[in-house]
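Reading through the structure tokens given below for one structure.
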Amino acid sequence: MSSSLCEVSAVEKRYPLGETWVQALQDITLDVQVGDFLALSGPSGSGKTTLLNLIGCLDQPTSGSIQLDGVGLSDLSAKDLAAIRAQKIGFVFQSFNLIPVLSAVENVEIALRLSGQEMSREICAEALSAVGLGDFLDRRPSQLSGGQQQRVAIARALVKKPRIVIADEPTANLDSSTGAAVLDLMKRLNEERGATFIFSTHDPMVLERARRVVQLRDGRIVGETGENSA
Amino acid sequence: MNWLFVLALKNLRRNLRRTLISSVAVVAGVTLMIIGNGLIGGLNEGIIRAQIDSQSGHVSLLPPSIEPDAVTHPVSDLEAVPDEIQQAVGAYTSTTRVLFDLRIIFGRDAARGTGVGYEPASDAAVFLRGSQDLEGVWPEERGGQGLVLGKSLAGLLGVSVGDVVSVQTRTADGAQNALDLTIVGVVHAHNPAVDNQSVFMVMDEAIRLVDARGPSQIALRLSRRGDSDAVADKLKAVATQSGWSVESYSVAADDLLQINRVREKALRLMIFVILAIAATGIANTIIMSVYERIREVGTMAAMGMQPRRIRLLFLVEGAIMGLLASIVGALLGAGINHHFSVHGFDVGNLPDATSRVPFSTTIYTSYSLSMVFLAVAFGVTVAVLASVWPARFASRLDPATAVRED
Chain A
440 MSSSLCEVSA
450 VEKRYPLGET
460 WVQALQDITL
470 DVQVGDFLAL
480 SGPSGSGKTT
490 LLNLIGCLDQ
500 PTSGSIQLDG
510 VGLSDLSAKD
520 LAAIRAQKIG
530 FVFQSFNLIP
540 VLSAVENVEI
550 ALRLSGQEMS
560 REICAEALSA
570 VGLGDFLDRR
580 PSQLSGGQQQ
590 RVAIARALVK
600 KPRIVIADEP
610 TANLDSSTGA
620 AVLDLMKRLN
630 EERGATFIFS
640 THDPMVLERA
650 RRVVQLRDGR
660 IVGETGENSA
Chain B
142 MNWLFVLALK
152 NLRRNLRRTL
162 ISSVAVVAGV
172 TLMIIGNGLI
182 GGLNEGIIRA
192 QIDSQSGHVS
202 LLPPSIEPDA
212 VTHPVSDLEA
222 VPDEIQQAVG
232 AYTSTTRVLF
242 DLRIIFGRDA
252 ARGTGVGYEP
262 ASDAAVFLRG
272 SQDLEGVWPE
282 ERGGQGLVLG
292 KSLAGLLGVS
302 VGDVVSVQTR
312 TADGAQNALD
322 LTIVGVVHAH
332 NPAVDNQSVF
342 MVMDEAIRLV
352 DARGPSQIAL
362 RLSRRGDSDA
372 VADKLKAVAT
382 QSGWSVESYS
392 VAADDLLQIN
402 RVREKALRLM
412 IFVILAIAAT
422 GIANTIIMSV
432 YERIREVGTM
442 AAMGMQPRRI
452 RLLFLVEGAI
462 MGLLASIVGA
472 LLGAGINHHF
482 SVHGFDVGNL
492 PDATSRVPFS
502 TTIYTSYSLS
512 MVFLAVAFGV
522 TVAVLASVWP
532 ARFASRLDPA
542 TAVRED
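Set out below in structure tokens:
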């Protein structure tokens, strides 16, 4: 029996653009369940990244409400949002976003330190072993392939055992076979560890592997397929 | 906190050449600060030493007819030392001198100078001769006969030890008088006021020449230089009743020290300009670093790094840069300063404008560890202050857009 991890209710997001306003999201209602492997799909500009930013506490809605793990995000300060990100959210970015001056294991260590959990190199090494990089702990990002860098990013996102992992187009910068491998890894971690994943994509190969797909267009949810669809 | 320091260090190594170039100005500023302060301190000390050792002792008492700042040395109205002053200075190491203007003639050459009649038994205890180089002997070693000339004056006349010169002056009664005296010594005091001007002879010989009825000054040497003002104040109470004036070396040397204060201000201005350049360089380096790392900053913010920690990271980077540059500057400055504090450097060939000015022509830079620490602290502070704005800028980046920055 799954339970709700993130409830997005009637969320609207508008951005100022010069003298006008851009309606990035409108009337978004979404319930992300614990253990979900959920894809947000849609063309560029449909609002996928904006919605991930809101769920990931990187931004706040113009109206509506978001509850993550029972905490309302709307009225939190930047400091409180940072604390939630540190403890409850893991991020995987399209461009990997590793710190180039740090080794693979040091990149993972940073996430664990920021989460406030007890720092342990063993835990970080295990996280890298879990993504198949046990022999690459001391390699710098520049010494790793794109697929390996993204696996370091996944280890970094998961090391602190977050409530949710947010991945913004995680395979977009990878070739198809590497992208498939990375996606299979994410799915395995989702199934074995129960880690909740929500990611944006318009890659059909990614959508095939998602258990739930929410389609966005022009800032609105226009459809949903998969396990939790109505 | 430790990992933040390590991360900052790694970030600085990322663009080592830029970091080094930005640090050069801090190195220069800190080096100049240490050398400049050592030089000013050394100049001050040179002026004070020269004043004490050749002109006034620690405290000087002058008879009513002598103006403290007088350039000439009249002997007409000199008087015997009053008993109460004699008694008051009796508690200290003291000596008396007669000073008078003279012409010294050798063959067809003549030069003006200042005659110094001194008490052989007590003069060297007040006017120390340790730093002087003497060719020949002092007159007391020749039974009070002859004279000692300053080295430059001897050079001007082309005379040396053993030559006989005519010394011409006016007596206390205004009459012309002259004596032929043998040069028994040539002194190099490394002090223009002595080397360019002074003609030393024992008091008896001087009295014979100018017929003075008393000394031009009583000079005191104290066991502690710092007591000079207090002793001068104490003696004033007695001396002023007889019309005598009293001044400590610090008052006598004040005009020259004032000039040094102007130099000190100019030096501070120069250090300020260099450190302002350094601050601009560091601010530029840190802001460039922020711009190059916007995505990294966004990533760290996305991972939950608090804005104050992001700020701290860049401040630590500035501080490390400032600290390392300041240490290099301090080592460089302290090394140069130390060398000149031991060996000194000679400024003896300065123009004639300094011919009567008492100061040591060998300058030994002053050297203090506290100055080195102060300079390092100053360099680090400048670097940290220069990093404040870039660090603040980094901490205020919007993580949502920063993580996707190209």
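Sequence lines, in order, name chains A and B.
Under the working numbering, the first residue of the first sequence is numbered 440, with each subsequent residue one higher.
Under the working numbering, the first residue of the second sequence is numbered 142, with each subsequent residue one higher.
Where a beta carbon is used, it is the ideal one built from N, C-alpha and C, also for glycine.
In this text, all values refer to a predicted model and were calculated from it rather than measured experimentally.
Check                                                                                                                                                                                          : Outcome
Apart from the five residues on each side of it in sequence, which residues of its chain come closer than 7 Å, Cβ to Cβ, to B:A471?                                                            : V171, I175, V513, A516 and V517
Give the secondary structure of A:M440 by DSSP, where H, G and I count as helix, E and B as strand, and everything else as coil.                                                               : Low confidence applies here, because A:M440 scores a pLDDT of 48, under 50, leaving its location unreliable; read the following figure in that light. The answer is coil: DSSP assigns A:M440 none of H, G, I, E or B.
Taking 8 Å as the CB-CB cut-off, is A:A669 touching chain B?                                                                                                                                   : Because the pLDDT of A:A669 is 45, which lies under 50, any placement of that residue in the model is unreliable, and the number read from its coordinates should be weighed accordingly. Not an interface residue.
Report yes or no: is there a C-beta of chain B within less than 8 Å of the C-beta of A:I593?                                                                                                   : no
Starting from the C-beta of B:I415, find all residues in its chain whose C-beta is less than 7 Å away, skip the five residues before and the five after it, and write them out in chain order. : A166, A169, G170 and L173
Got a sec, what are the start and stop residues for the alpha helix (DSSP H) A:N492 sits in?                                                                                                   : K487 to I494
For the region 339-426 of chain B, which segments carrying the beta strand (DSSP E) assignment without a break, of at least 3 residues, lie completely within its bounds, in sequence order?   : 339-343, 358-362 and 386-389
For chain A, find out if any of its Cβ atoms is closer than 8 Å to the Cβ of B:A541; answer yes or no.                                                                                         : yes
By alpha-carbon positions, which one of A:D466, A:R552, A:L493 and A:L576 ends up nearest to A:K599?                                                                                           : A:R552
Going by beta carbon distance, what residues of the same chain come within less than 7 Å of B:R190, once the five residues before and after it are set aside?                                  : S501
What does B:V488 pair with, by DSSP beta-bridge criteria?                                                                                                                                      : Per DSSP, none; premise fails for B:V488.
Buried or exposed for B:T160, going by 16 or more other Cβ atoms inside 10 Å?                                                                                                                  : buried
What number of angstroms, rounded off, separates the C-alpha of B:P531 from the C-alpha of A:S615?                                                                                             : 40 Å
Consider the Cβ of B:V438: report whether some Cβ of chain A lies at a distance smaller than 8 Å.                                                                                              : no
Taking buried to mean at least 16 other C-beta atoms within 10 Å of its own C-beta, is B:T440 buried or exposed?                                                                               : buried
Which one or two residues does DSSP pair with B:H566 in a beta bridge?                                                                                                                         : What is shown of chain B runs 142 to 547, which leaves residue 566 of chain B out entirely.
Cβ closer than 9 Å: which chain B residues qualify as neighbours of A:V547?                                                                                                                    : Correct list: empty, because the minimum Cβ distance to chain B is about 11 Å.
Can you tell me which of the three DSSP states B:S201 falls into?                                                                                                                              : strand
According to DSSP, is B:I226 part of a helix, a strand, or is it coil?                                                                                                                         : helix
Please list the terminal residues of the continuous alpha helix (DSSP H) segment that includes B:L184.                                                                                         : L157 to A191
Say whether chain A places a C-beta atom closer than 8 Å to the C-beta of B:P531.                                                                                                              : no
Give me whichever residues DSSP pairs with A:S502 in a beta bridge.                                                                                                                            : A:E451
Just to confirm my understanding: we take B:A313, look at its own chain, exclude 5 residues before and 5 after, and list those with CB closer than 7 Å. What are they?                         : V216, S217, L219, V351, D352, A353 and R354
What does the alpha-carbon distance come out to for the pair B:I207 and B:V222?                                                                                                                : 13 Å
Determine the DSSP secondary structure at A:W460, reduced to helix, strand or coil.                                                                                                            : strand
On a CA-only basis, which of B:A443, B:H479, B:R362 and B:V372 is nearest B:A564? Give me that one, please.                                                                                    : For chain B, the structure presents residues 142 to 547; residue 564 of chain B sits outside this window and is missing.
Which of the three DSSP states is assigned to B:V431 in this structure?                                                                                                                        : helix
Under the three-state reduction of DSSP, which class applies to B:N152: helix, strand or coil?                                                                                                 : helix
Under 8 Å between the Cβ atoms of B:L275 and B:V340?                                                                                                                                           : no
Along chain B, which residues have their Cβ under 8 Å away from the Cβ of A:I538?                                                                                                              : L148, E437, T440 and M441
Give the DSSP bridge partners of B:L243, in chain order.                                                                                                                                       : B:G254
Evaluate the contact criterion for the region 373-384 of chain B versus the region 640-658 of chain A: three or more CB pairs, one atom per stretch, below 8 Å.                                : no
Since B:G463 and B:V529 should fall inside the 8 Å C-beta cutoff, what is the C-beta to C-beta distance between them, to a whole number of angstroms?                                          : So it is not a contact: roughly 12 Å between Cβ atoms.
Given B:T542, which residues of its chain have a CB within under 8 Å of its CB, disregarding the five upstream and five downstream residues?                                                   : G439
Relative to the alpha-carbon of B:V300, which residue among B:A316, B:Q317 and B:T323 has its alpha-carbon at the smallest distance?                                                           : B:T323
Can the beta-carbon of A:T488 be found less than 8 Å from the beta-carbon of A:K452?                                                                                                           : no
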